[in-house]
Amino acid sequence: MRVSVHKFRDDPMFPRIERVVAELLAKSGVVAPVDVLVGMGLLRPELLNNWRRGRVPYLERVINCNLTRLSRLLRILRFHAHDLNLKPSATVYKRYGKGPKQLLRFSKTGDAGLEAAYATHFVWPGKRPFHSARTKPVPPHQLPVTADGDMRQARKTSALQQFRQLSEVLDTEPPIRPTPVFDPFRASARCGVSRRNIGSN
Numbered sequence: 008m009r010v011s012v013h014k015f016r017d018d019p020m021f022p023r024i025e026r027v028v029a030e031l032l033a034k035s036g037v038v039a040p041v042d043v044l045v046g047m048g049l050l051r052p053e054l055l056n057n058w059r060r061g062r063v064p065y066l067e068r069v070i071n072c073n074l075t076r077l078s079r080l081l082r083i084l085r086f087h088a089h090d091l092n093l094k095p096s097a098t099v100y101k102r103y104g105k106g107p108k109q110l111l112r113f114s115k116t117g118d119a120g121l122e123a124a125y126a127t128h129f130v131w132p133g134k135r136p137f138h139s140a141r142t143k144p145v146p147p148h149q150l151p152v153t154a155d156g157d158m159r160q161a162r163k164t165s166a167l168q169q170f171r172q173l174s175e176v177l178d179t180e181p182p183i184r185p186t187p188v189f190d191p192f193r194a195s196a197r198c199g200v201s202r203r204n205i206g207s208n
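Final position of the sequence shown in this note's numbering is 208; the numbers increase by one with none missing.
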C-alpha cells in the first residue's frame, strides 16, 4: 500500500525513522538518508565507506533492505522532515580518495527522482538545538502544523491551557463583598438627628 501524507505515521517503520531522525538532529542538525539507513541498522558503516570510495557500483547493492521497502522508507522520511519544518538541501556525492571525483550512484536503475531522494539532506533551521517531542514538550503555537487534524489539536490544546490559566486567576480573586444598603436613620444619626426628632416633626 502506498504511503500517504495523512497515514505515514501508521507505518511500522515510522517509530524507528522518527527515533533516528531525532538522534541525528540532536547531534548535528542535519538528516541524511544514508545516515538514517545506518542508524536503523540497514546499512553497515564500512559498506557505506566502501561505496563512498567507489568500491561499490551503487549503494542499494549493500543496503540490507528490498527496493520496495526502501522506496517507502524514503517517502516516510520526506513526510516526517516536512512535518518538522526541516529545509531540504540537495547534496552532491562524489567519490572519496585519490583519482577523478566521479559522481556516486545510489540506485541500480539510476532513476533521477530516486537519486535525488537519496541525495537530499534535511537541515534543522532553528538557531537553538533540536529537542525531540518525546523528551521535551513543545508549546502548541510552535507545533509543526501540516494537516487539518494537527491544526485542530493545536487549537484545542491552546484553548485548554487558556481555560486553566483563567480558572487559576478566578480562584485567586478576592470574594465580592455585598453592596451596603442605605439606611436613612443611620445617616441621620451621624448628622445629630434621631428617630424621635424625626417623629416629632
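Idealized CB from N, CA, C, for every residue including glycine.
Nearest-angstrom beta carbon gap, residue j and residue i [assumed within contact, 8 Å]
i          : j          : result
residue 80 : residue 24 : 7 Å
Reference residue i, options the options, closest by Cα
i           : options           : result
residue 67  : 15, 129, 130, 117 : 117
residue 130 : 73, 72, 39, 78    : 39
residue 124 : 87, 78, 115       : 78
residue 73  : 18, 115, 16       : 115
residue 15  : 65, 35, 34, 86    : 86
residue 96  : 36, 113, 112      : 36
Cα-Cα separation between residue i and residue j, rounded to whole angstroms
i           : j           : result
residue 121 : residue 108 : 21 Å
residue 83  : residue 106 : 36 Å
residue 29  : residue 132 : 14 Å
residue 71  : residue 57  : 15 Å
residue 52  : residue 63  : 13 Å
residue 18  : residue 76  : 11 Å
residue 11  : residue 101 : 32 Å
residue 91  : residue 112 : 28 Å
residue 65  : residue 43  : 17 Å
residue 34  : residue 9   : 31 Å
Neighbourhood of residue i by C-beta, 8 Å cutoff - its chain only, sequence neighbours within 5 removed
i           : result
residue 104 : 60, 61
residue 99  : 110, 126
residue 69  : 50, 51, 54, 55, 57, 58, 63
Same chain, Cβ closer than 7 Å to residue i, five either side skipped, listed in chain order
i          : result
residue 55 : 41, 45
Neighbourhood of residue i by C-beta, 6 Å cutoff - its chain only, sequence neighbours within 5 removed
i          : result
residue 47 : 23, 27
residue 88 : 129
Residue i, buried or exposed, once every other Cβ within 10 Å from all chains shown has been counted against 16
i           : result
residue 50  : buried
residue 119 : exposed
residue 13  : exposed
residue 170 : The pLDDT assigned to residue 170 is 38, lower than 50, so where the model puts this residue is not dependable, and the model offers no usable value.
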